[in-house]
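**Q** Quick note on UniProt numbering: the sequence shown kicks off at 1 and runs consecutively.
Where a beta carbon is used, it is the ideal one built from N, C-alpha and C, also for glycine.
In this text the structure is predicted, and so the values were computed from the model without any measurement.
Okay, handing you the structure first.
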Amino acid sequence: MAYYRRAGEIPPKRHTQHRAADGTLYREELMGEEGFSSDSSLLYHRGVPSAIVDASPWDPPDQELTGNRPLIPRHLRLHGLGAADWKAVDPVTGRRLVLGNADVRISYVVAGETSPLYRNAVGDECVYVESGAAVVETVFGAVDAREGDYVILPRSTTHRWVPTGSDPLRLYAIEASSHIGPPARYLSRYGQLLEHAPYCERDLHGPDGPLLADGTDVEVLVKHRGGEHGITGTRHVVPTHPFDVVGWDGCLYPYTVNVADFEPITGRVHQPPPVHQIFEGRNFVICNFVPRKVDYHPLAVPVPYYHSNVDSDEVMFYCGGDYEARKGSGIGQGSISLHPGGHSHGPQPGAVERSLGAEYFDELAVMVDTFAPLALGEGGRAVEDPAYAWSWAGRGPGV
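Below is the structure:
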């Protein structure tokens, strides 16, 4: 998305000399997508951004996936992943893999400790803050993250999470193997968010200024492609602190947007999920269902109709309010439902009748639809509700 921003000190023309007061030449770095053919930013470093003095293998959290076989809908209670010692858990190395495929991996963590410096070289990250608060320090500067924020971190952005306050930081991390941005249909041909988009540039919050830090022989954890499960890691040691950028400008940088700033699109009858979309990546989309007035046709059925996602798996993370269509299923705050392609799903028995005449739904959920099947990570397998698949019928195998 071509939304230009600048921070700190930069020269009047790109690729020209930029010097400190003592005459030292700053090092210019281009950080860009798709080679030199898409959004980019220019960063001006005090040190040499390519310099490393040591490297060793690092194993990211368990990346093993188990296929959804037999093919059934599943309910995962993510709040069961919070450890009693959450204050000693950090938001990067403490992530538990819940679901994933070659295009996207979904993790969850409850944390209270500052993370190591970290760079995801596999793809962009979209991290939803379920609760708590943090400062996300990056080479571009710092952004504040609060409850309800989506934090977008472009691929290979060196950063760390610094939880703030006394409450646990609960993060729902959507890690892509591609870039993540607004749907193309929301953007003009030049990249501006159009009038029909449910949010605009005023809702995006990026770094306001540089973040300078000193240090020598600093460790940075890098997640990158390779290894047994397609993802592995390396621990780099860099001679000077990576937060050495005195200024930058361009259209590529981390930012936040809060779910409360998403303006819902409603109609006389039930609207399909694409009206709730906020982001997209390669072979997946991210939507959110927010508190809203519902369908106002006199014969409207406000809850979703039964539907078969023949081309996709649907993942719903229930993170606020009271989700009408799922009452009676066991799903509550912190739940995930996985409804795979090949299985018809929809409201629980009785939900349609209860919804008739409703004018407002107080519900909050983040949805990820993938166009390749999802498998279960170790975190998802650890907190599965074995009764969910049979909740529409009211009985399970052998009953």
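(1) Pick from Val89, Leu97, Gly247: whose alpha carbon is nearest that of Arg46?
(2) What did DSSP end up calling Ser166 once you bin it into helix, strand or coil?
(3) Can you check which of these residues, Tyr190, Asp208, Arg225, Phe243, is closest to Thr216 by C-alpha distance?
(4) How should Arg74 be labelled, buried or exposed, when 16 other C-beta atoms within 10 angstroms of its C-beta is the threshold for buried?
(5) Do His159 and Tyr118 count as a contact pair if the criterion is CB distance below 9 Å?
(6) For the region 267-342, which segments carrying the alpha helix (DSSP H) assignment without a break, of at least 4 residues, lie completely within its bounds, in sequence order?
(7) Can you say whether Val257 is buried or exposed, counting buried as having 16 or more other CB atoms within 10 angstroms of its CB?
(8) Are Val290 and Glu363 close, meaning C-beta to C-beta below 9 Å?
(9) Just reading off the alpha helix (DSSP H) that Gln219 is part of, what are its end residues?
(10) Keeping to the same chain, check which residues put their C-beta closer than 6 Å to that of Tyr296; ignore five residues upstream and five downstream.
(11) Is the Cβ-Cβ distance between Pro70 and Tyr44 less than 9 Å?
(12) Please report how far the alpha carbon of Leu30 lies from the alpha carbon of Ser41, in whole angstroms.
(13) Beta-carbon within less than 7 Å of Ile231's beta-carbon, same chain only, minus the 5 sequence neighbours each way: which residues are those?
(14) Would a C-beta distance cut-off of 9 Å place Ala142 and Val151 closer than the cut-off?
(15) Is it a yes or a no for the region 315-323 touching the region 367-375, going by three-plus beta-carbon pairs under 8 Å?
(16) Assign Leu194 to one of three DSSP states: helix, strand, or coil.
(17) Among Ile265, Asn309, Pro207, which one has its Cα closest to the Cα of Val294?
(18) Threshold first: 3 residues or longer. Then list the beta strand (DSSP E) segments lying entirely within the UniProt region "Disordered" (1-21), N to C.
(19) Rounded to whole angstroms, what's the CA-CA distance from Ala197 to Leu187? Just pull it up for me.
(20) So, under 8 Å CB-CB, Val322 and Arg77 are touching, yes? Tell me the CB distance rounded to an integer number of Å.
(21) Should Cys287 and Pro304 be called a contact, given that it needs their Cβ atoms to be closer than 9 Å?
(22) Measure the alpha-carbon distance for Gly227 versus Thr234 and round it to whole angstroms.
(23) Taking a contact to mean a Cβ-Cβ separation below 9 Å, would you say Phe284 touches Pro210 in this structure?
(24) Measuring alpha carbon to alpha carbon, tell me which residue in Ala213, Arg155, Asp144 is nearest Gly35.
(25) Kindly list the residues whose CB is nearer than 7 Å to the CB of residue 430, restricted to its own chain and excluding five residues on each side of it in sequence; keep chain order.
(26) Just curious, the beta strand (DSSP E) that Ala133 is in, first and last residue?
(27) With a cut-off of 8 Å on the beta carbons, I'd call Trp161 and Val92 a contact; round off their distance for me.
(28) Distance check for Glu201 and Leu252, CA to CA, integer angstroms please.
(29) Over what stretch of residues does the beta strand (DSSP E) that includes Glu363 continue unbroken?
(30) Given a cut-off of 9 Å on the beta-carbon distance, is the pair Glu113 and Ala133 in contact?
(31) Rounded to whole angstroms, how far is the Cβ of Arg96 from the Cβ of Glu378, which I believe are closer than 8 Å?
(32) Just tell me which of Arg381, Asp90, Ile106, Arg189 has its CA closest to the CA of Pro163.
(33) What's the C-alpha gap between Ala300 and Leu356?
(34) For Gln17, I'd like the list of residues in its chain whose CB is within less than 8 Å of its CB, leaving aside the five on either flank, ordered along the chain.
(35) Can you tell which of Ala382, Gly396, Trp390 has the C-alpha that lies nearest to the C-alpha of Leu81?
(36) Our contact map puts Thr341 next to Pro373 with C-beta atoms below 8 Å; I'd like the distance itself, whole angstroms only.
**A** According to the structure shown:
(1) Gly247
(2) coil
(3) Phe243
(4) buried
(5) yes
(6) none
(7) buried
(8) yes
(9) In the sequence on display, residue 219 carries Glu and not Gln. Unbroken run through Glu219 is the beta strand (DSSP E), 216-225; no alpha helix (DSSP H).
(10) Arg268
(11) no
(12) 6 Å
(13) Pro60, Gln63, Val122, Lys223, Arg225
(14) no
(15) yes
(16) coil
(17) Ile265
(18) 5-8
(19) 8 Å
(20) Inspection of the sequence shows that residue 322 is occupied by Asp rather than by Val. Asp322 to Arg77, Cβ: 17 Å. No contact.
(21) no
(22) 11 Å
(23) no
(24) Arg155
(25) The structure shown does not extend to residue 430, since the chain spans only 1 to 399, so no value can be given for it.
(26) 133-138
(27) 7 Å
(28) 14 Å
(29) 363-370
(30) no
(31) 7 Å
(32) Asp90
(33) 7 Å
(34) Pro11, Leu25
(35) Ala382
(36) With the sequence shown as reference, residue 341 is identified as Gly, and Thr is not the correct amino acid for it. Right, their Cβ atoms sit about 7 Å apart.
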